[in-house]
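Asks:
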Amino acid sequence: MIYCMGCMEEMNETDWVCPHCGYGVQQQNAAGLLPAGTVLLGRYIVGRSIGNGGFGVTYIGMDGQLKRKIAIKEFFPNKLTGRTEGGVRVTVRSGAEAGRFQNGLEMFLSEAKHLARLSHIPGIVYIYNYFHENGTGYIIMEYLDGMDLLQFLKNHGGKIPYKEARKLILSVLYILRNVHMNGILHRDIAPDNVFITADNV
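Using my numbering, read the sequence shown as starting at 7 and increasing by one per residue.
(1) Which full runs of the alpha helix (DSSP H) of 4+ residues lie inside the segment 79 to 149, going along the chain?
(2) Should THR97 be counted as a contact of the ligand SAH given a C-beta to heavy atom distance under 7 Å?
(3) Are VAL94 and THR44 close, meaning C-beta to C-beta below 8 Å?
(4) Once the 5 residues before and after VAL23 are set aside, which same chain residues still bring their CB inside 8 Å of it?
(5) Hey, quick one: how far does the beta strand (DSSP E) through PHE201 stretch, first residue to last?
(6) When we look at the beta-carbon of PHE114 and count the other beta-carbons within 10 Å, is it buried (16 or more) or exposed?
(7) My guess is that GLY152 and LEU111 are in contact by the Cβ rule of under 8 Å, so how many angstroms apart are they, rounded?
(8) What three-state label does DSSP hand LYS75 in the structure shown?
(9) If you draw a straight line from the C-alpha of MET11 to the C-alpha of VAL96, how long is it?
(10) If contacts are defined as beta-carbon pairs under 8 Å, then ASN35 and ARG54 qualify, I think. What distance do you get, rounded to the angstrom?
(11) Could you tell me whether the Cβ atoms of THR64 and ILE78 are closer together than 8 Å?
(12) Leaving aside the five residues before and after TYR134 along the sequence, list all residues of the same chain whose C-beta is less than 8 Å from its C-beta, in chain order.
(13) On the DSSP letters alone, give me the boundaries of the alpha helix (DSSP H) that ASN161 sits inside.
(14) If you follow the beta strand (DSSP E) that ARG54 is part of, which residue opens it and which one closes it?
(15) Beta carbon of THR90, beta carbon of VAL98: below 8 Å?
(16) Excluding the five sequence neighbours on either side, which residues of its own chain have a C-beta within less than 6 Å of the C-beta of ILE130, listed in chain order?
(17) Helix or strand or just coil, what does DSSP make of TYR29?
(18) The alpha helix (DSSP H) that contains ILE6, what's its start and end?
(19) Have a look at the DSSP bridge pairing and note the partners of ILE8.
(20) So is GLY67 buried or exposed if we call it buried at 16+ other beta carbons inside 10 Å?
Have a look at this one:
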């Protein structure tokens, strides 16, 4: 048995297409992203890219040790970085940007450290691990089935009903209040940072 790089469900080695999600075994992440099948820390298997923002890429993944589906977030500010040809190592495009990259990387991992302390707060994604590797940083998080608010809005013509919007905003404000009470200031509230699970929790 092997894992599908699209959904991380088990499939037969003879399958060309995943019977669970239809992802082809030959499919690969876009150029410049980590190749599907890359293993981090000798343990975390990287699958397909499921989110790509200005400062990072999120991949579906599998914890090969605990056999659980995970999300892997990589610090990859696309305006500052590239990747070695056919490789996994992140490189800074110019020496002048090295300081900015290093500061961003330290903030990225520091946020993970602080968020890991807040996993008891409902609505905060659970952080399993964070570390340096390949010249950058990674956060290993619980995998949530759903989509970010940006995609949700696109799927609904840019609008959602008032009652649904009100419930969502109050939920985000409740989470932010708890985060702020724990001494952390979230400075990047945006539709692509609000995640709506498939069961609307």
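Where is the CB? At the ideal position from N, CA and C, for every residue including glycine. Note that the structure is predicted; figures quoted are calculated from it, not measured.
Replies: With the given structure in hand:
(1) 104 to 122
(2) The ligand SAH is not part of the structure shown, which contains no ligands of any sort.
(3) yes
(4) TYR29, GLY30 and VAL31
(5) 201 to 203
(6) buried
(7) With 8 Å as the limit, GLY152 and LEU111 do not qualify as a contact, their Cβ atoms being about 28 Å apart.
(8) strand
(9) 21 Å
(10) 6 Å
(11) yes
(12) ASP69, ILE76, ILE146, MET147 and GLU148
(13) 155 to 161
(14) 50 to 58
(15) no
(16) LEU124
(17) coil
(18) The structure shown does not extend to residue 6, since the chain is modelled only from 7 through 207, so no value can be given for it.
(19) MET17
(20) buried
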